[in-house]
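Okay, structure first, notes after.
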Amino acid sequence: MKKIQMVDLKGQYQPIKEQVNQSIQEVIDTTAFINGPQVHEFQKELEEYLNVKHVIPCANGTDALQIAMMGLGLKPGDEVITADFTFAATVEVIALLQLTPVLVDVDPIDFNIDIEAIKKAITPKTKAIVPVHLFGKAANMDAILEIAEEHDLFVIEDNAQAIGANYTHKDGKKVKTGAIGHVGSTSFFPSKNLGCYGDGGAIFTNDDALAHTIRGIVNHGMYERYHHDVVGVNSRLDAIQAAVLRAKLPHLDDYNARRRASALKYTEKLQDHPKIITPTICGTACDCHVFHQYTLRLKDVDRDALVKHLNANEIPCGVYYPIPLHKQKAYADDRYNEADFPITNKLVQEVISLPMHSELDDEQIEYIVTKILEFID
Ligand SMILES: *Cc1c(COP(=O)(O)O)cnc(C)c1O
Numbered sequence: 001m002k003k004i005q006m007v008d009l010k011g012q013y014q015p016i017k018e019q020v021n022q023s024i025q026e027v028i029d030t031t032a033f034i035n036g037p038q039v040h041e042f043q044k045e046l047e048e049y050l051n052v053k054h055v056i057p058c059a060n061g062t063d064a065l066q067i068a069m070m071g072l073g074l075k076p077g078d079e080v081i082t083a084d085f086t087f088a089a090t091v092e093v094i095a096l097l098q099l100t101p102v103l104v105d106v107d108p109i110d111f112n113i114d115i116e117a118i119k120k121a122i123t124p125k126t127k128a129i130v131p132v133h134l135f136g137k138a139a140n141m142d143a144i145l146e147i148a149e150e151h152d153l154f155v156i157e158d159n160a161q162a163i164g165a166n167y168t169h170k171d172g173k174k175v176k177t178g179a180i181g182h183v184g185s186t187s188f189f190p191s192k193n194l195g196c197y198g199d200g201g202a203i204f205t206n207d208d209a210l211a212h213t214i215r216g217i218v219n220h221g222m223y224e225r226y227h228h229d230v231v232g233v234n235s236r237l238d239a240i241q242a243a244v245l246r247a248k249l250p251h252l253d254d255y256n257a258r259r260r261a262s263a264l265k266y267t268e269k270l271q272d273h274p275k276i277i278t279p280t281i282c283g284t285a286c287d288c289h290v291f292h293q294y295t296l297r298l299k300d301v302d303r304d305a306l307v308k309h310l311n312a313n314e315i316p317c318g319v320y321y322p323i324p325l326h327k328q329k330a331y332a333d334d335r336y337n338e339a340d341f342p343i344t345n346k347l348v349q350e351v352i353s354l355p356m357h358s359e360l361d362d363e364q365i366e367y368i369v370t371k372i373l374e375f376i377d
């Protein structure tokens, strides 16, 4: 059996090695290291893939979120609602821009931002909602868009974990996550579903004026050479990373399909256990989930001991996330009331994420499942 890894970047590289190497070599041969043709072509290809009018590449997924918020003109003191159960980058940029983060609880079934909790958190100062399509599963966008419309709020999708996921609107229309709200962001961190070989990110929007504003912000607030109209940042997608992404984008749907197939296999073998809750899968044709993580909830199981048992058997696993954001030192605040976070407070104690990537094979899944059940039974 191949050694089990949380992500297998080398295994994914092998079959596309020639394309990747050639693409990188082209950047070096042309010395177009900054904003060259590879970056431009990747932007076009991703716009087409996502069916979105504008992709603005940038340096990483955290910058993408920050720039999206700057582009919308959010001002210090504006309240931004987001999930308590997510990676810290989401709340970090809100705080960094001196906006007021308003963390709310999540849904116990799909781990995404809870709709009733959003409604409860809205005040006259609320300006935006940031749903995170956590672990690769699309959030309930119809409900979020409805709330946003009613209260005149922006919707900023943190799509760092869900690139390629589909969302089906109530009317049956299918769209890609990230291209649904006013603006969306993603990360090309190597372990993400579409990862480059370093840092990278992008912002998406269908709004022409917002796209124009954002294109200036990523480039020092410059709309005309050496005319700086707004305070911007320097955030570029490296041309070599764009070259890697161009070689990988045509395979994204296949990578995601393979992740989904592995998720179905895990679920088939684990779903009947009374101490395990497997993640939501909407049927075998499920396309609203691209399984950035395959995350179980454990009931009456000593999680630390299970992690040790798996590690002792050379099975890596992860706990995403062990601490709710409202309890992190940087983001704790008297405004928060423990009674408002029953689900997140429980999830942080129950979740465990299993190895998940496009190269996982049946033998490995079988072995992982056997070792889990051997411990829990
Ligand atoms: C990875 C991630 C980010 C940040 O992306 P970077 O490219 O590492 O800056 C933001 N939000 C979520 C939910 C993420 O998983």
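If you're matching positions, the sequence shown starts at 1 in UniProt numbering and goes up one per residue. For glycine and all other residues, C-beta sits at the position ideal for the given N, C-alpha and C.
For R297, the enclosing beta strand (DSSP E) begins and ends at Y294 to L298. Ligand 1 has no heavy atom closer than 8 angstroms to the beta-carbon of L245. Within the same chain, and ignoring the five residues on either side of A243 in sequence, the residues whose Cβ sits closer than 6 angstroms to its Cβ are S23, I24, V27 and Q38.
Assignment of beta-bridge partners to M6 by DSSP yields no partner. Where T82 is concerned, there is no enclosing alpha helix (DSSP H), although the beta strand (DSSP E) around it starts and stops at E79 to A83.
Distance check between D361 and each of Y321, K299, K275 and R260 places R260 closest, using alpha-carbon atoms only.
In this model, N234 and H228 are separated by some 13 angstroms (Cα to Cα).
Around the CB of C282, fewer than 16 other CB atoms lie within 10 Å, so the residue is classed as exposed. About 5 angstroms separates the CB atoms of A143 and I115; that is less than 8 angstroms, so the two are in contact. Exposed is the label assigned to G73, since fewer than 16 other Cβ atoms lie within 10 Å of its Cβ.
At a Cβ-Cβ threshold of 9 angstroms, Q19 and A257 do not count as neighbours. Between I16 and the set D254, I217 and N159, the nearest pair of CA atoms involves D254.
For a cut-off of 8 angstroms, the C-beta gap from T177 to A138 is around 5 angstroms, short enough to register as a contact. Going by beta carbons, L306 and L46 fall outside the 9 angstroms limit. Collapsing the DSSP output to three states places F135 in a helix. Pairing E363 with Q12 gives a Cβ-Cβ distance that is not under 9 angstroms. In this structure, S358 has its CB at a distance of at least 8 angstroms from all heavy atoms of ligand 1.
Taking C-beta separations shorter than 7 angstroms and ignoring five residues to either side along the sequence, the partners of I217 in its chain run I67, M70, G71, V230, G232 and V233, following chain order. Taken through DSSP and simplified to helix, strand or coil, Y223 comes out as strand. DSSP, read as helix, strand or coil, puts H182 in coil. Distance from the CA atom of F154 to the CA atom of H273, rounded to whole angstroms, is 41 angstroms. Three or more Cβ pairs closer than 8 angstroms define a contact, and the region 155-168 meets that threshold against the region 187-204. Under the Cβ criterion (8 angstroms, minimum of three pairs), the region 292-302 does not count as touching the region 58-67. Judged by DSSP secondary structure, K176 falls within the beta strand (DSSP E) whose first and last residues are K174 to K176. The continuous stretches of alpha helix (DSSP H) do not include D238, and DSSP gives it neither H nor E.
In the displayed model, H54 falls within a strand according to three-state DSSP. The beta carbon of T123 sits closer than 7 angstroms to those of E79, all from its chain and outside the five residues before and after it, given in chain order.
Beta-bridge partners of I277 (DSSP): R297. Residue state for A89 is assigned as helix, using DSSP reduced to three classes. I129 is a Cβ neighbour of I113, given a cutoff of 9 angstroms.
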